[in-house]
Amino acid sequence: MKNEIIESFAKSVGCGVMRIGGDNLSSGNINSCGCSCRIIESSELTDSPGSGNYCFDVHAYAGRQSERFGGKYIYFCPAGFVFVVCPLICADGNGGEVTDYLAAGPISPVRPEDFDAEELISALKLKLTLGETLEAVKDAPVIAPDYITHTANMLYVCARYLSEINSPGQSQNQQYRNALKNSEIYEQQRQIGDYIQSVKAALIKESQSYISYPYDKEKHLAYAIISGDLVNSRRYLNEILGHIFFSSANNLDVIKVRAMELSVMISRAALDGGADQSKIFDINIKFLSEFFNYKTIEEVCWALTDILRKFTKETFDFSSVKHVDLISKAVSYVKTNYMRKITLSEVAEYVFLSPSYFSKIFKEEMRYYFNDYLNHVRIEKSKVLLLTERINLADIAASVGFYDQSYFNKVFKKVTGVTPKKFKECSGKIPPDKKSRLSGNLYK
Numbered sequence: 036m037k038n039e040i041i042e043s044f045a046k047s048v049g050c051g052v053m054r055i056g057g058d059n060l061s062s063g064n065i066n067s068c069g070c071s072c073r074i075i076e077s078s079e080l081t082d083s084p085g086s087g088n089y090c091f092d093v094h095a096y097a098g099r100q101s102e103r104f105g106g107k108y109i110y111f112c113p114a115g116f117v118f119v120v121c122p123l124i125c126a127d128g129n130g131g132e133v134t135d136y137l138a139a140g141p142i143s144p145v146r147p148e149d150f151d152a153e154e155l156i157s158a159l160k161l162k163l164t165l166g167e168t169l170e171a172v173k174d175a176p177v178i179a180p181d182y183i184t185h186t187a188n189m190l191y192v193c194a195r196y197l198s199e200i201n202s203p204g205q206s207q208n209q210q211y212r213n214a215l216k217n218s219e220i221y222e223q224q225r226q227i228g229d230y231i232q233s234v235k236a237a238l239i240k241e242s243q244s245y246i247s248y249p250y251d252k253e254k255h256l257a258y259a260i261i262s263g264d265l266v267n268s269r270r271y272l273n274e275i276l277g278h279i280f281f282s283s284a285n286n287l288d289v290i291k292v293r294a295m296e297l298s299v300m301i302s303r304a305a306l307d308g309g310a311d312q313s314k315i316f317d318i319n320i321k322f323l324s325e326f327f328n329y330k331t332i333e334e335v336c337w338a339l340t341d342i343l344r345k346f347t348k349e350t351f352d353f354s355s356v357k358h359v360d361l362i363s364k365a366v367s368y369v370k371t372n373y374m375r376k377i378t379l380s381e382v383a384e385y386v387f388l389s390p391s392y393f394s395k396i397f398k399e400e401m402r403y404y405f406n407d408y409l410n411h412v413r414i415e416k417s418k419v420l421l422l423t424e425r426i427n428l429a430d431i432a433a434s435v436g437f438y439d440q441s442y443f444n445k446v447f448k449k450v451t452g453v454t455p456k457k458f459k460e461c462s463g464k465i466p467p468d469k470k471s472r473l474s475g476n477l478y479k
């Protein structure tokens, strides 16, 4: 069964695959080079003392990187071919586990005639002629770069499935959870780094040495949490963290204090979105019990992302909804198109229901009429614009789907209890007695 899966992968993807374990290649090598292709065999570098297995060290290093970066890793072998590697967790026969690796390749990302054979001959000191080298390159299947990513995804699925067969149990699942966590941390740090570079560029352009805290991004973050928008929630959180990193010079203690402040703000946004108070309290207790043990900036950032994910899920929980697919699809459509004129009939058609039946289902599941929900989405977005953008009320009204400012004012007051102008003047701090009946949870 195990060899059949590896063989099926090789035949369906169109490239070889081999298993790397210990200090040599083990069984399961199908149409791959086995760390010894014609190009490497003709290299003068592999004849030098202490060179050992010239390719194996590269594959083993890539395997370790795959564990670090989320379970898969794409790289070039010494012969210039592309490989993909994923960890393969196996029982060691003594009740423990060992990690081998599945490596798919060799793959050529370009056609043989486009392969830079002359540079390869020079770098590896090949004994082959140019023609012989090009002939050797033809042995590797050509797979376009974007399809190599798909190959990596397929190999990851195979490696994980084989790991479950070879080493069933909680510890194996934990290793993959750790791999996914490492992948998230890596991607988060990349996004934060990109934002820091944009801040530096802005300061250089404007000849400044200081940039103020992005309070507007906090408002956007709060709205994204209330809306159940995890993608934008994470983006705004990473941009805020980027500012904190830059202004604190990566001081861990300062970052921890600011992270605590952010966790409070995220909690409040979740509650405003209708999350269950007891659930938020339980999540916060667990977060705080672990928070003070974090030793690195990366751990602090990931912890915030994790709690953000949990809180956002609580504000947009369809667990009690019977028609989950239908309602989630309708809600997603509204949140994507709220800024233009949309009707109940349009959304009903989108979810393949008659307008009357869709209206009935929507009211039963969401506990609000469709138009009330649409207006709520528009008003929540307008709140962010009122507090962060310097544009007039008429333009704000139009940008969120209201083409009559007087109607916008009327709906805004109905939903929030105050007029847009008053909301802006009091910086969004609405007195409790002014909050409307629509300020509750619209997602349960």
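Using the numbering used here, the letters of the sequence shown map in sequence onto residues 36 to 479. Glycine included, C-beta positions come from ideal geometry on N, C-alpha and C.
Just tell me which of GLN312, GLU334, ILE318 has its CA closest to the CA of LYS345. Of GLN312, GLU334, ILE318, the residue nearest in Cα terms is ILE318.
DSSP beta-bridge partners of LEU137: Answer is ARG54, CYS121.
According to DSSP, is SER157 part of a helix, a strand, or is it coil? If DSSP states are grouped into helix, strand and coil, SER157 belongs with the helices.
Measuring only the C-alpha atoms, how far is ALA305 from GLN312? Rounded to the nearest whole angstrom, the CA to CA distance from ALA305 to GLN312 is 9 Å.
Please state the DSSP three-state secondary structure of GLY87. For GLY87, the predicted structure reports a pLDDT of 48, less than 50, and the residue's modelled location is therefore unreliable. The matter cannot be settled from this model.
For ILE109, the first and last residue of its enclosing beta strand (DSSP E): ILE109: member of the beta strand (DSSP E) spanning 108-111, first to last residue.
Secondary structure at SER417, three-state DSSP: helix, strand or coil? Helix.
Quick one: Cα of ILE183 to Cα of GLN100, how far? Straight-line spacing of the CA atoms in ILE183 and GLN100 works out to 17 Å.
Length of the line joining the Cα atoms of LYS348 and VAL292: Spanning the two alpha carbons is a distance of roughly 25 Å.
Below-8 Å beta-carbon distance, ILE426 vs any chain D residue: Of the chains in the structure shown, none is chain D; there is only one protein chain.
Every unbroken alpha helix (DSSP H) within the stretch 333-388, with a cutoff of 4 residues, ordered by chain: Positions of the alpha helix (DSSP H) runs, each at least 4 residues long and wholly inside the stretch 333-388, are given as 359-372, 379-385 in order along the chain.
Using only the alpha-carbon positions, how far apart do PRO390 and LYS376 sit? Using only the alpha carbons, I get a separation of about 16 Å.
Beta carbon of LYS418 nearer than 8 Å to that of TYR373: For the 8 Å CB-CB criterion, LYS418 and TYR373 do not form a contact.
Strand pairing of SER78, partner residues [DSSP]: LEU161, per the DSSP bridge assignment.
First through last residue of the alpha helix (DSSP H) which encompasses TYR271: Where TYR271 is concerned, the enclosing alpha helix (DSSP H) stretches over 265-283.
DSSP three-state call for ILE65: helix, strand or coil? Correct three-state label for ILE65: strand.
Could you give the distance in angstroms between the alpha-carbon of ILE156 and the alpha-carbon of PRO249? ILE156 and PRO249: Cα-Cα distance of roughly 53 Å.
Can you say whether ARG413 is buried or exposed, counting buried as having 16 or more other CB atoms within 10 angstroms of its CB? Here ARG413 is buried. Its C-beta has 16 or more other C-beta atoms within 10 Å.
Classify GLN243 as buried or exposed, calling it buried when 16 or more other Cβ atoms lie within 10 Å of its own Cβ. Taking all protein chains shown into account, GLN243 has fewer than 16 neighbouring C-beta atoms within 10 Å of its C-beta and is therefore exposed.
Helix or strand or just coil, what does DSSP make of VAL93? Residue state, collapsed to three classes: helix.
Limits of the unbroken alpha helix (DSSP H) element including ASN319: 312-326 is the span of the alpha helix (DSSP H), which, as asked, contains ASN319.
Taking all protein chains shown into account, decide if PRO180 is buried (16 or more other Cβ within 10 angstroms of its Cβ) or exposed. So PRO180 ends up on the exposed side.
GLY85 versus GLY166: straight-line alpha-carbon distance, rounded: Any reading at GLY85 is ruled out, since the residue's pLDDT is 45, under 50, leaving its predicted position unreliable.
Given that a residue counts as buried once 16 or more other Cβ atoms are within 10 Å of its Cβ, and exposed if not, what is ASN273? Around the CB of ASN273, 16 or more other CB atoms lie within 10 Å, so the residue is classed as buried.
Touch check for the stretch 186-199 and the stretch 36-56: three-plus C-beta pairs under 8 Å? The stretch 186-199 vs the stretch 36-56: in contact.
Are the beta-carbon atoms of GLN223 and THR340 separated by less than 8 Å? Their beta carbons are under 8 Å apart, which means GLN223 touches THR340 by this criterion.
Which full runs of the alpha helix (DSSP H) of 4+ residues lie inside the stretch 426-460, going along the chain? The DSSP assignment places complete alpha helix (DSSP H) segments of no fewer than 4 residues inside the stretch 426-460 at 428-434, 440-451, 455-460, in order along the chain.
Put GLN205 into one of helix, strand or coil per three-state DSSP. Below a pLDDT of 50, predicted positions are generally treated as unreliable, and GLN205, at 44, falls in that range; the measurement from the model is reported next regardless. Assigned with DSSP and collapsed to three states, GLN205 falls in helix.
Rounded to whole angstroms, what's the CA-CA distance from GLY98 to ILE332? Just pull it up for me. Straight-line measurement puts the Cα of ILE332 at about 25 Å from the Cα of GLY98.
Taking the Cβ atom as the reference point for each residue, do TYR245 and GLY277 lie within a distance shorter than 8 Å? No. Outside cutoff.
Kindly indicate the opening and closing residues of the alpha helix (DSSP H) around VAL289. 287-307 is the span of the alpha helix (DSSP H), which, as asked, contains VAL289.
Between the alpha carbons of ILE431 and VAL446, how many angstroms are there, rounded? In this structure, the alpha-carbon of ILE431 lies about 14 Å from that of VAL446.
Validate contact between the stretch 103-117 and the stretch 140-156 using beta carbons, cut 8 Å, 3 pairs: Because the criterion of three Cβ pairs below 8 Å is met, the stretch 103-117 and the stretch 140-156 touch.
By the 10 Å Cβ neighbour count, where 16 or more other Cβ atoms means buried, how is LYS162 classified, buried or exposed? With fewer than 16 Cβ atoms within 10 Å of its Cβ, LYS162 is classed as exposed.
Determine the DSSP secondary structure at VAL48, reduced to helix, strand or coil. VAL48 falls in the helix class under three-state DSSP.
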